[in-house]
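1020 is the number of the first residue of the first sequence in the numbering used here; add one for each residue after it. We put the beta carbon where it would ideally sit given N, CA and C, even for glycine. In this text, all values refer to a predicted model and were calculated from it rather than measured experimentally.
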Amino acid sequence: MRIGYPCINRTVECKGDRTFRLKSYSESRLVATVTDNLNCLLKMLQFNTAHDILFFRITSDLVPFASHPICQFDWQQAFLNRFQEIGEFTRSHYMRLSMHPDQFTLINSVDERVFETSVRELIYHATTLDSMGLDCSAKIQIHLGGVYGDKRKSMHRFVQRFHHLPERIKGRLVIENDDRNYTLNDCMTVYDAIGIPVVLDVFHHEVNGSGETLSQAFHRFVKTWTEEDGLPIVHYSSQRTGSRRGSHAESIDLRDFHSFLEKTKPFDFDVMLEIKDKEKSAVKAVKTAMHDDRFLRFKTE
DNA sequence: CCCTGTCAAGTCACG
DNA sequence: CGTGACTTGACAGGG
């Protein structure tokens, strides 16, 4: 079991997701920003290993406008050395990286053009992980997408479109149950069609479930992961007390997390904490998991 | 320097 | 049909 958090670390003094306005795009601006972002990414990874945090999501803002037509710059080549250093650091610490394109990436959109821009965006994400020399356990995680008034058809469209994706995207792509539209059961249906691993978001499963208990959900989704996909990925977050159902808590509830660890035995998996205060909660979670065999086994590896 | 409207992209709920 | 939420900060231009 690895424990991780997404994208941002407020303890290190740098920012790894700096961007700029499209209107102020220039090659030199891009180079300067990406240089800073990569430097900061390495700093965050160093922070993580120092705190036994071995799972991390890279921000999609790492290379601003990477998939936009305005960007004609060969950033992959220009930063290849830096990417490889970061990949080497990651591998040598048995760390796992992932990425999560934002809500504009829609494989199943009814609009063909939206699908095409989504493919460009996925190519950017895959290129980033490829450049670091990471194996297929470094996943790109998305949701199934919109419903467009007909869920069954929209799921079918996802399956059809998946077949048209480049292999290097297919090998990294995983789907996650969301809090409104697609449940774990829906993801499993898509898995049955194309064999794509399913990320279980336990919070979304509580808010928008398909009837399974936590244990039943684990039994189902774990089977979608093969050896080369790496350990199954779980997203964990907690409800912000007194706030809208579905909104994320400011900081981790350690009693709930402890109980989550107990309830999910003996399954082994990597857990991404989707909590507002990011690395602070991750540090706490690591302390809580310190006596868990699944976590220890990994730490001493 | 400070303030604040706005920021690449889509979908859905709501009025 | 138009607007805000999703989620949030900070870019960038104007005062």
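Taking all protein chains in view, the Cβ of S1079 is crowded by 16 or more other Cβ atoms within 10 Å, so the residue is classified as buried. Here the alpha carbon of K1172 sits roughly 30 Å from the alpha carbon of E1293. Around the beta carbon of A1268, a 10 Å sphere encloses 16 or more other beta carbons of the protein chains shown; the residue is thus reported as buried. Per DSSP, reduced to three states, the secondary structure at I1161 is strand. F1039 and P1083 have their alpha carbons spaced roughly 8 Å apart.
Note that the C-beta distance between M1114 and L1073 is below 8 Å.
For S1234, the enclosing alpha helix (DSSP H) begins and ends at 1233-1241. Secondary structure within the region 1136-1192: the alpha helix (DSSP H) runs of 4 or more consecutive residues, fully enclosed, are 1170-1182, 1186-1189 (chain order). DSSP links R1110 through a beta bridge to no other residue. Rounded to the nearest whole angstrom, the C-alpha separation of L1099 and L1148 is 11 Å.
Distances from the CA of Y1143 to each of E1104, G1168, L1192 were compared; the closest alpha carbon is that of L1192. Between the alpha carbons of G1165 and S1128 lies a gap of roughly 7 Å.
Per DSSP, the beta bridge partners of L1116 are F1075. In the three-state DSSP reduction, I1213 falls in the helix class (H, G or I). With contacts defined as CB atoms closer than 8 Å, D1197 and H1162 qualify as a contacting pair.
Considering only R1187, T1232, L1250, the residue with the shortest C-alpha distance to V1217 is L1250.
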